[in-house]
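Going line by line, the protein sequences match chains A and B.
Note that this note's numbering has the first sequence beginning at -1, numbered continuously upward.
Note that this note's numbering has the second sequence beginning at -1, numbered continuously upward.
Every residue gets a Cβ at the ideal spot worked out from N, C-alpha and C, and that includes glycine.
Model, not experiment: these values are computed from the prediction.
Written below as structure tokens is the structure these notes are about.
Number of protein chains: 2
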Amino acid sequence: MNKDQKTEARILEAAIEIFQQKGFAATRMQDIADRASINKAMLHYYFRSKQKLFDRVFQYAIQQFFPGIVAIISGNGSAEAKIRQLVEFYLDMLQKNPRLPGFIIHEIQQNEEHFLETVVRKNPFQPARIITRFVEELQAELNLQGVSELDARQLFVSLIAMIVFPFVARPMVMGLFELDSEAFEKMMSARKTFIPLLFARLLQGQAENKDAEGGE
Amino acid sequence: MNKDQKTEARILEAAIEIFQQKGFAATRMQDIADRASINKAMLHYYFRSKQKLFDRVFQYAIQQFFPGIVAIISGNGSAEAKIRQLVEFYLDMLQKNPRLPGFIIHEIQQNEEHFLETVVRKNPFQPARIITRFVEELQAELNLQGVSELDARQLFVSLIAMIVFPFVARPMVMGLFELDSEAFEKMMSARKTFIPLLFARLLQGQAENKDAEGGE
DNA sequence: GTCTATAACAGGATAGAC
DNA sequence: GTCTATCCTGTTATAGAC
């Protein structure tokens, strides 16, 4: 913790760290104070209550996580290009913030209704609409390639799963594959090429009467 | 809650429900007592402490989740057959226990060391070894089919991700796809054919000089 | 075995000196 | 703005009557 930063920033940084690791319920204000090398009373001075401090941290996490998807899939370009962008962007971001998705998922579950209300329904970007549109694009692409038996919505969920899950289940993955942090990071870096490769193979046509495909 | 069951079983059932939903830290003994329609003091009479009650619930969850994988992938049969079994078995089990994986993942993270010690290292079934072996099998199959550029370990992680992630992120998936519980269940049922289909397509050879493959 | 009442303590929040 | 001391509520855990 950088002692030079001004106090409010130090607290916020510490709060992000601790809340993301332990979740709201298991976090003690004292833990945050300790990590910020600061007095417990200061937390209340700057943020009034644990709940308000948490709200800031959660809001920030949501802002870090969701707008990226929406921006990428609503852009121009082929479905395959968007997939590559999603993989690239999210794996990079998650390597820097490995606990982010687990935190978000766990806290959403603690207050499902609040999430639906604020992030889904009242969100001017209408993520549900944008996702639906992208899934349609992807389905069109699948049909074109003669693999219409694959459902695009299922495939999209699978894509997100492939990107996000290893981070959510990081301790499990590390344990079961006997990886240390460094090996885990390497594996996630390799995933940046693995996932697009897998999708390229899936999307590459059954459509036999296309001429030998162009370069990669 | 079945009032006829004897008390200890009622408590355990209630504890599973509540702990899985809220996690250890957010759970109150009172919540469990209420759900079991029983007095709070009874919880201590039967299980001594919150921690001990939780340990029972967590142990049970681990037993429900892990042995299945180990059994399936260490059996006989082709890699593809094992994949089909994994998908079938886990999707069924998770539909009955949708909160199980999120619970396990969150609590593992709260005490990573304990998990590594008990579930990975001191486990006589040596899950890490068994997984390594299966990954080798899968890689052999990939090589045989002329898709050696796909890494089997990455693929295995992806398989687990595809199966488990939608349940871990259930509220998010439901929100972003605008599904009610029933629609979600339907989607998960459909996944039982989707995932094997996807893997069949991946594994089905690049190997051009094979004769036109047998039926599906 | 089951309940009510209460002890014991942890943790969030505030008062007030500096 | 920062600290120490303290209040006060909620929660685990136990004592003891039935």
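Report task. May I ask you to list, following chain order, the residues of the segment 44 to 55 of chain A that have a beta carbon less than 8 Å from some beta carbon of chain B? Result -> none
Query raised in the report: Got a sec, what are the start and stop residues for the alpha helix (DSSP H) Asp90(A) sits in?
Result: Ala77 to Lys94
Query raised in the report: Do you know how far the Cα of Lys50(A) is from the Cα of Gly42(B)?
Result: This sequence places His at residue 42(B); Gly is not what is there. Going from the Cα of His42(B) to the Cα of Lys50(A) covers about 34 Å.
Requested in this report: Could you check the C-alpha separation between Gly21(A) and His104(A) for me, to the nearest Å?
Outcome: 8 Å
Query raised in the report: In chain A, which residues lie less than 8 Å from Ala126(B) when you measure between Cβ atoms?
Result: Annotation: Cβ neighbours of Ala126(B) in chain A (cutoff 8 Å, chain order): Gly173, Leu174, Phe175 and Glu176.
Query - Distance between Gly173(B) and Ala159(A) (C-alpha atoms, nearest Å) - result: 16 Å
**Report entry** From Leu98(B), Arg8(B) and Leu201(B), residue whose alpha carbon lies closest to that of Arg168(B)
**Finding:** Leu98(B)
**Report entry** C-beta atoms of Ala34(A) and Arg8(A) nearer than 8 Å
**Finding:** Against a cut-off of 8 Å, the Cβ pair of Arg8(A) and Ala34(A) comes out as a contact.
Report task. Tell me whether the beta-carbon of Pro119(B) lies closer than 8 Å to the beta-carbon of Phe175(A). Result -> What sits at residue 119(B) in the sequence shown is Arg, not Pro. It is not a contact, given that the beta carbons lie outside the stated cut-off.
Query raised in the report: Does Pro122(B) get closer than 8 Å to chain A when you measure Cβ to Cβ?
Result: The beta carbon of Pro122(B) does not come within 8 Å of any beta carbon belonging to chain A, so the residue lies off that interface.
Query raised in the report: Under 8 Å between the Cβ atoms of Arg100(B) and Phe165(B)?
Result: Rather than Arg, the amino acid found at residue 100(B) in this sequence is Gly. The answer is yes: Cβ separation under 8 Å.
Query raised in the report: What separation, rounded to the nearest whole angstrom, lies between the Cα atoms of Thr5(B) and Val171(B)?
Result: 37 Å
Query raised in the report: Quick one: is Phe123(A) buried, meaning 16 or more other Cβ sit within 10 Å of its Cβ, or exposed?
Result: exposed
Query raised in the report: Whose Cβ in chain B lies nearer than 8 Å to the Cβ of His104(A)?
Result: Going along chain B in sequence order, the residues near His104(A) (Cβ under 8 Å) are Gly21, Gly100 and His104.
Report task. Could you round the C-beta distance between Glu135(B) and Ala198(B) to whole angstroms and report it? I think they count as a contact, below 8 Å. Result -> Glu135(B) to Ala198(B), Cβ: 17 Å. No contact.
Query raised in the report: Would a C-beta distance cut-off of 8 Å place Asn109(B) and Gln62(B) closer than the cut-off?
Result: no
**Report entry** Rounded separation between Tyr44(B) and Ile30(B) - CA only
**Finding:** Inter-residue distance for Tyr44(B) and Ile30(B) is about 13 Å (C-alpha atoms, whole angstroms).
Requested in this report: Sort Ala79(A), Arg82(A) and Leu10(A) by Cα distance to Ser47(A) and report the nearest one.
Outcome: The shortest C-alpha separation from Ser47(A) is found at Leu10(A).
Query raised in the report: Closest to Arg131(A) by CA distance: which of Asn141(A), Ile193(A), Gly73(A) and Ile16(A) is it?
Result: Gly73(A)
Query raised in the report: So, helix, strand or coil for Thr25(B), using DSSP?
Result: coil
Query - Cβ-based burial, Thr25(A) [other Cβ within 10 Å; buried from 16] - result: buried
Query raised in the report: Looking at Lys190(B) and Leu92(B), is the spacing between their C-beta atoms short of 8 Å?
Result: no
Requested in this report: Any chance you could list the alpha helix (DSSP H) runs of at least 4 consecutive residues sitting entirely within the segment 28 to 63 of chain B, in chain order?
Outcome: 38 to 45
Query raised in the report: Roughly how many whole angstroms lie between the Cα atoms of Gly213(A) and Ala69(A)?
Result: Since pLDDT at Gly213(A) reaches only 41, below the 50 mark, its modelled position is unreliable, and no value is offered.
Query raised in the report: What's the gap between the Cα of Met27(A) and the Cα of Gly75(B)?
Result: 53 Å
Query - Neighbourhood of Lys208(B) by C-beta distance below 8 Å, restricted to the same chain and skipping five residues each side - result: Here the model assigns Lys208(B) a pLDDT of 43, short of 50, so the residue's position is not dependable, and the following value carries that caveat. Counting only Cβ-Cβ distances below 8 Å, and skipping sequence neighbours, we find nothing.
Query raised in the report: Shorter than 8 Å from the beta carbon of Ser156(A) to some beta carbon of chain B?
Result: yes
Query - Closer than 9 Å at the beta carbon, the chain B residues around Pro169(A) - result: Ile103, Ile106, Gln107, Glu110, Phe113 and Leu114
Query raised in the report: Between the C-alpha atoms of Val85(B) and Met40(A), what's the straight-line distance to the nearest angstrom?
Result: One Cα belongs to Val85(B), the other to Met40(A), and the distance between them is close to 51 Å.
Query - The alpha helix (DSSP H) enclosing Ser187(A), as first and last residue numbers - result: Ser179 to Leu201 is the extent of the alpha helix (DSSP H) around Ser187(A).
Report task. Could you list which residues in chain A have their beta carbon closer than 9 Å to that of Phe87(B), in chain order? Result -> Correct list: empty, because the minimum Cβ distance to chain A is about 17 Å.
Query raised in the report: Using a Cβ-Cβ cut-off of 7 Å (strictly less than) and excluding sequence neighbours within five positions of Ala12(A), which residues of its own chain qualify?
Result: Met(-1), Ile30, Arg33 and Ala34
Query - Pick from Ala181(A), Ile81(A), Val117(A) and Tyr58(A) that is closest to Val133(A), judged by C-alpha positions - result: The shortest Cα separation from Val133(A) among Ala181(A), Ile81(A), Val117(A) and Tyr58(A) belongs to Ile81(A).
Report task. Using a threshold of 8 Å, state whether the C-beta atoms of Met185(A) and Leu177(A) are closer than that. Result -> Yes. Within cutoff.
**Report entry** Cα-Cα separation, Phe262(B) to Tyr58(B)
**Finding:** As shown, chain B starts at -1 and ends at 214. That puts residue 262(B) outside it, with no answer to give.
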